[in-house]
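S.K.: The structure is given below, and queries will be raised subsequently.
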Amino acid sequence: MGVAVEIKNTAPPRLHLAFAGLGLALLAIFSWMLLHEGTAEWRTTQARFRRLEATVKNPYQLAQSATVAGLRQIWLPDLGRVDRCRTCHLGIDDPAFTGASPPFAAHPGAWLSTHPTDRFGCTVCHDGQGQATDYVNAAHQPQPFVPRPMRPLETIEANCGTCHRALDPPAAPRLAEGRRLIIALGCISCHDIPGFEGLTFRGPALDSIGNKVRPGWLAVWLKDPKSYLPQSKMGNFRLSTDEIAGLQGFLLSQRLQEPLDSTGVDWKNADTANGRALFGELRCVSCHSINGRGGTMGPELTRIGDKVARDWLFSYLKDPHRVQPDTPMLQYRLTDNQLRDLTAYLLEEYSSAGDGSEPPSATYQDARLVSAGRAVFERRGCQSCHRLAAIKDAGRIGPSLAGVADRDPNEWPYGSNVVRHTTDNYIFLKVLLPDTLGQPSLMPTFGLTPADAAKITLALASIRKSDLPASYVLRRPAPAPYQPAGTFGELVTRYRCLSCHSVGGFGGDLSTVPLDRIGSQLQHDYTAKYLLNPGAVRVNVEARMPVFRMLPDEAKSIADYFSAVFLDDSLDQYDTNFTPSETRRGQELYEQLGCRACHQLGTQGGYVGPELSTTGVRLKPGWIAAWLSKPQAYKPDTLQPDYGLSSADARALTAYLSSLGRSDAAQARGENAP
Amino acid sequence: MNQSTPGSMAAWLDGVRRSVSRVGWPVTDKDRAAAMISSLFLHIHPARVSRHVLKPTYTFALGLIAGILFLVLSVTGLALMLYYVPYPPEAYRSMKDLQFVVTFGIVLRNMHRWSAHAMVAIVFVHMCRVFWTGSYKPPREFNWVVGVLLLLLTLGLSFTGYLLPWDQLAFWAITVGTNIAAHAPVVGEQMKFLLLGGHVIGPMTLLRFYVLHCVILPLAMLLLVSLHVWRVRKDGLSGAATQASPEEEVAGVFPASTKTYGLMALSKRPRASVEARDPNDEVFAWPHLLYRELLVALAVIVALHVVSLVFMAPLEEMADPTRTPNPAKAPWYFLGLQELVHYSTLVGGVIVPAVLVLALLIIPYVDRDPKGSGRWFAPERRITNSIFTALVALFVGLTIVGTLFRGANWAWVWPWR
C-alpha cells in the first residue's frame, strides 16, 4: 500500500459553482421557454379579443357562449388543407363584430353566406399558409418557402376562378371580362388553355388574300395592324422589313383557283347613289362600324377602300362563302348591278386615297420571296388564327397554358423589368409586353391597356393544376354545337342566322332573342312577313336585322320550321277563348299598371320596350301570359317589372293585348311599319 | 403493519425506500462503492476510478458527450414520433403542426436536428482524439473497429432522418446521396433500389427511412454502443497513467498487480488493465466521476437549449419531384464526397469513400506498435499523426468548399458575394 493520502469524498468547490451556474442557466432557459409559449402571438391576440368581446356582446350572450381560448382550426380533408386563421380572426363569421378593428372584424360583404368557412376554410380564396398561427408565418406578406402567400385583394378573383370555371362567373366581373377577352382576342387560337376547350377563334381565311387586298395596304397592316385599325384584334408581330416583304409575296400568291366572277361588269355605269341607298337598306352597320359607330361582328369599313381590291369585293359580296370560307357574313340576294353599285359606293366613299386605281402587284411571282414568306408564316404561327389551305395544320404555335399559375415564379425570365417575382407579375408582363422579358418571343404585342392585361392575368392566374375535388368545382357548361340540316339548314348557312342568334346557347349574342322557343312566341304569318322586311320592333335598339332580300318561299320555310320545331309546350296549351269582359279588364289594367310609360300604343307611349299596336298579329297569347306572369324567368336582366299578377289578371291583359292590331286599320299600320 | 408509534412511520417509509434503492444515499466508502455496483444503470462505472480519469483535458469527454447527445436524440425523437406521420404529404404537414400547434414543438424539433448535427461532428472529433492519442493500439483494436462502425451508424441515422421532413431540402439531398451510392460497381443499383424501396423517392422510401431511422439503426446503435462502452470499461481509459515508466509502457498500459477487490469479479485478460491501478491513485466514482458527468450533461443540455431557441431548423417548401433546386446539395457531412464526385463520379463517389472506410477499419491492425499510446501527439507517432491530420484537413476542406463555395450548377462562387 502506498501513502495514506486523504482523498476527500466531496467535490471541489469549483464544481459546485459550475453546477449552480448550469442549474440556474437551465432554469432560466426553461422559464424562457414557458414564457415564450405563454406569450405566443395567438394567445395575446385571443386575450385582446376576450376584452373586446366584453364590450361588443351583452353579458348574457357572453355567459351562454364558450370562452374563446385555444387554437381553432378548420380541417378540410377534401381540399387537403388545415386553416387556423380563425385562431386570431375570431370575429370573422360573427356579424356582431362588423366594423371592429382587425383582426377581429367580421368578413365584409355576403361572401360567407355563400362560402361558409366550415366548408371552404379561408386559404381557398385568400391563399396564405393556413397552418400557421402567427402573422408572419401565415404569409400575409410574401414569405420565403411559402409558394402561395396571401393574395392582394385586387387579384382575389383569380382564386374565384379555380372553382368557378364558367366563362362568366357570378360576382367576379373582372375575371369574367378577362375570360371574355381571352376568347375575343384569340388567345385560344395559339395556346391550349384549360377551361376553354372547344371554343374557337378564327381570323379571316386567307385563301383569297392575294385577290383581296392591295399590296400597299398589306405592308402597312403587317407592320402594325393597329395603324390601319386601332381596335384590330391582330397583334403587332414585330416583323422585320425582310419578313414583311417575304410575307407579302407569299400572301399575295394566295389566290382563288376559280377566277373572280366580276368579268363583264360595267363599272363605268356604276351608280354610287344607288349604292348608298342599298348600304342603308341592307343594314350593314348592324355588324360593321363606320367611324366607330355600328356593330363589331365584322371588320370596320371606315377605310375599306384602301384595303380591298374592287373585283374581289364584288365577288365577295356576291358569294362570301366561296371567296372566304367560314366567314360569318350572310349572302344577300342581290343582282349584279346592285352589287356593282354597292361595290363602287364602298370603294369611293370609304377610302382615304380615293383614286380607285389598281396598282400592279407582281411581288408574288418571286419564288424565293414566296418561300421565305411561307417560312415566316409557319414560324410565327399565322395558321393558328388564319386558315390557309396551302399550309398543313400544325396545331397551336404557342405553349399550352395548363398549370401556368403553378409554375415557380423564380424560374421565369423578367428581363429588365424591376418587379417582384410573382406568378401574377410574370403573366401580366408577358401579356402586356411580351418582348421585354429578356428572351426572344414569338408572341405578338397586342397593345392592351394595363387594365385589360390585368383582367386577362386574373383569368390566367386561375388556371391551376386541379388539386380541387370535383365536389368543389363548378364546370363550364359547354353548349352543344347546333347545325341544322335540310332546307332549313341551307338557309341558316346562307343567311348566317347563327352569327346573331343562338339556339341552345350556341351561336351569336347580337340578338337578345334566343330562338329556342320562337315558334311559341311569334305567330307564323308574322314571322314569314317579317323575314321579308324586318322592321323595328323596338325603336331604341341600334342593331337591326339586315334586309336579306329573301325569296318568299325561303321566308315561309323558315316560318314553317319555327312553328314546328322551336316550341315550348308549356306555352302552347293556353286557352285563347277570351271574353269581352276579360278584354275590358285588361284594358283597365293596362292603364293602371302604367304600361304606357315604356311601351308605345298607336302614337302614344314610351320607347323602352317594344311597341304593342300589332301584338295581336305578332305574339302568341300563351307567350304573352307567361311573360307577363314572370318575365325574369325568361330573361333574367329584363327591365319588364314583375307585377306579381294573379293568373286572372295576366289572362285579362293577355286578352287585351291579343286584341290589338286585329282591326283592319291596325293591320294596315302593322304592314307598313318600318 | 400494526405499530402506531411515529417512529414506526419513518421506519416504514425507510423500508419502502430500501426496497427500491438498496443502498440509498451513500455516506460510507462501502456505500459509495455499493451504490455503483448494485444499480442497473450506474454499474457501467467501476466503483473506483483513477484520478487521472477525472481530468478533462485528455478525452474532453467527447465520447460522453456523444452518448448524451444520443440520449437527447432518443428522448426528443420519441416525443416527435407522437406527432410525425411517415407518409409523404402528411409528413410535411406534421412538421408544420409541430412548428405551429404542438406546445414546445419548435424547440423539440430544433433540438432534435441540432443535436443530430452536433452528434455527427462530436463523433468525428472523438475519432480524431482517439487517433491522436493512439488509443486504438492493442488491446483496444477491436474497440476502434466498433467505433468506426458507430461512426457509419451515426451517419446512417443522420441521413435517414434527413429525409423525414419531406421538404425540398430533404428530398433532393437524399436524391444526391442515393445517386452517389448507386455508382458503386456491381451492387450500386441494387443498393439504391434497396434504399429507395423502388426506383424513385416516394412513399416507400419515406417509410423505409423512417423504420431505419427509428428502429433498425437505433437498435444497432444501442448494441454497438453497449459493446463499445463495455470495452472501455474492461480495457480502461488509455493514458490514465501519464507518469507511467518505460517498463510499464512495454508491458502494456499498466503494470501487473496482484491486488484484488472483493466487490467485483476479476477478469482474465492477456494484458494488464483495471486491476493494475494504484489504489492510492483512485477515487470513488460516487461522487467524483458521476458529478463531473452530470455537469457535462447539464452543459450539453443547456447549450442545446440555447441553440434550439435561437436557431430555427430549416424547413423549405414541400418536396416537389418536378422542381430541382439548383444546386441540390447532400447533407453537410456528405458535401466533401459530393465535391469529389464533381471531379469524378467513380473516384469521388465510390473509390475514395470505400478506401477511407477500409483504411479506418484496418488502422489498428496495421499500426500495432504500442509506442506513443496514451498521450496527445506523442513524438514517436509524428508521422502517423501527420498523415492522419493531413487527410482530416483535406476532408474538412473539401466539405467547406462544398458547403460555401459551390453555387448553381456546382460552379465556383465566393460566399461573400
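Protein chains in written order, with the numbering used here: chain A, -12 to 661; chain B, 27 to 443. No residue lacks a Cβ here, since even glycine has one placed at the ideal position from N, Cα and C. Given the structure is predicted, the values throughout are model-derived calculations rather than measurements.
Listing by chain order, which chain A residues have their CB less than 7 Å from the CB of L321 (chain B)?
M.R.: Ordered by position in chain A, the residues that pass the 7 Å Cβ test against L321 (chain B) are L2, A5, F6, L9.
S.K.: Would you kindly check if the distance between the Cβ of G117 (chain A) and the Cβ of P115 (chain B) is under 8 Å?
M.R.: no
S.K.: Tell me which residue opens and which closes the beta strand (DSSP E) that E308 (chain B) is part of.
M.R.: 308 to 310
S.K.: State yes or no: is the beta carbon of W19 (chain A) nearer than 8 Å to at least one beta carbon in chain B?
M.R.: yes
S.K.: Around the Cβ of K81 (chain B), are there at least 16 other Cβ atoms within 10 angstroms (buried) or fewer (exposed)?
M.R.: exposed
S.K.: Suppose you measure from the CA of G233 (chain A) to the CA of R225 (chain A); what does that come to, to the nearest Å?
M.R.: 14 Å
S.K.: Would a check of beta-carbon distances place D395 (chain A) closer than 8 Å to chain B?
M.R.: D395 (chain A) counts as touching chain B.
S.K.: Secondary structure at N223 (chain A), three-state DSSP: helix, strand or coil?
M.R.: Three-state result, N223 (chain A): strand.
S.K.: Consider the Cβ of E301 (chain B): report whether some Cβ of chain A lies at a distance smaller than 8 Å.
M.R.: Bear in mind that the predicted position of E301 (chain B) carries a pLDDT of just 48, short of 50, making it unreliable; the figure below should be weighed with that in mind. It does not: the Cβ of E301 (chain B) has no partner Cβ on chain A nearer than 8 Å.
S.K.: Check S428 (chain A) in the structure and name its three-state DSSP category.
M.R.: coil
S.K.: Any idea what DSSP makes of L526 (chain A), helix, strand or coil?
M.R.: A quick correction: the sequence has Val, not Leu, at residue 526 (chain A). DSSP places V526 (chain A) outside both helix and strand once states are collapsed to three, so it counts as coil.
S.K.: Determine, for R71 (chain A), whether the minimum Cβ-Cβ distance to residues of chain B falls below 8 Å.
M.R.: yes
S.K.: Contact criterion: CB-CB distance below 8 Å. Does I10 (chain B) meet it with respect to chain A?
M.R.: The requested residue 10 (chain B) is not part of the displayed model; chain B covers only 27 to 443.
S.K.: Roughly how many angstroms lie between the CA atoms of Y84 (chain B) and V422 (chain B), to the nearest whole one?
M.R.: 23 Å
S.K.: Span of the beta strand (DSSP E) holding R68 (chain A)?
M.R.: 68 to 70
S.K.: Using a Cβ cut-off of 8 Å (strictly closer), state whether V332 (chain B) contacts chain A.
M.R.: yes
S.K.: Could you tell me if N397 (chain A) is buried or exposed, where buried requires 16 or more neighbouring beta carbons within 10 angstroms of its beta carbon?
M.R.: exposed
S.K.: The beta strand (DSSP E) spanning S76 (chain B) covers which residue range?
M.R.: 74 to 76
S.K.: Got a sec: is the Cβ-Cβ distance from Y317 (chain B) to anything in chain A below 8 Å?
M.R.: Interface residue, yes.
S.K.: What did DSSP end up calling H151 (chain A) once you bin it into helix, strand or coil?
M.R.: Strand at H151 (chain A).
S.K.: Taking 7 Å as the limit between beta carbons, can you name the residues of its chain near L588 (chain A), skipping five residues before and five after?
M.R.: L599, S600
S.K.: So, is the C-beta of E24 (chain A) closer than 8 Å to a C-beta in chain B?
M.R.: yes
S.K.: For the region 106 to 132 of chain B, which residues have a CB atom closer than 8 Å to at least one CB atom of chain A, in sequence order?
M.R.: P115, R119, K122, D123, Q125, F126, V127, T129, F130
S.K.: Which whole runs of the alpha helix (DSSP H) in the region 370 to 448 of chain A are 4 residues long or more, in chain order?
M.R.: 410 to 419, 437 to 448
S.K.: On the CB-based measure, 16 or more other CB atoms within 10 Å of its CB, does E40 (chain A) come out buried or exposed?
M.R.: buried
S.K.: Does DSSP put I143 (chain A) in a helix, in a strand, or in coil?
M.R.: coil
S.K.: Could you tell me the alpha carbon to alpha carbon distance between L334 (chain A) and A441 (chain A), rounded to whole angstroms?
M.R.: Distance between the alpha carbons of L334 (chain A) and A441 (chain A) is about 39 Å.
S.K.: Under the assumption that D194 (chain A) contacts L265 (chain A) (Cβ atoms under 8 Å), give the Cβ distance between them as a whole number of angstroms.
M.R.: Contact between D194 (chain A) and L265 (chain A) does not hold, since their C-beta atoms are separated by about 27 Å, which reaches or exceeds 8 Å.
S.K.: L315 (chain B) and V75 (chain B) look like a contact to me (Cβ under 8 Å); what is the Cβ gap, rounded to whole Å?
M.R.: 5 Å
S.K.: Within the same chain, show all residues whose beta-carbon is closer than 8 Å to that of E215 (chain B), passing over the 5 residues directly before and after it, in chain order.
M.R.: A208
S.K.: Residue range of the alpha helix (DSSP H) that I505 (chain A) falls in?
M.R.: Element bounds for I505 (chain A): 505 to 508.
S.K.: I'd like to check one pair, T231 (chain B) with L222 (chain B): are the Cβ atoms closer than 8 Å?
M.R.: yes
S.K.: Could you work out which residue in A:R161, A:L558, A:F91, A:G494 is closest to G609 (chain A) when comparing CA atoms only?
M.R.: A:L558
S.K.: Which residue from B:A92, B:L176, B:F197 puts its Cα closest to that of P357 (chain B)?
M.R.: Residue B:F197 is the option with its Cα nearest to P357 (chain B).
S.K.: If contact means a Cβ-Cβ distance below 9 Å, which residues of the region 445 to 456 of chain A contact chain B?
M.R.: Here the close residues number zero.
S.K.: Could you confirm whether any beta carbon from chain B is found closer than 8 Å to the beta carbon of T120 (chain A)?
M.R.: Between T120 (chain A) and chain B, the shortest Cβ-Cβ separation is below 8 Å.
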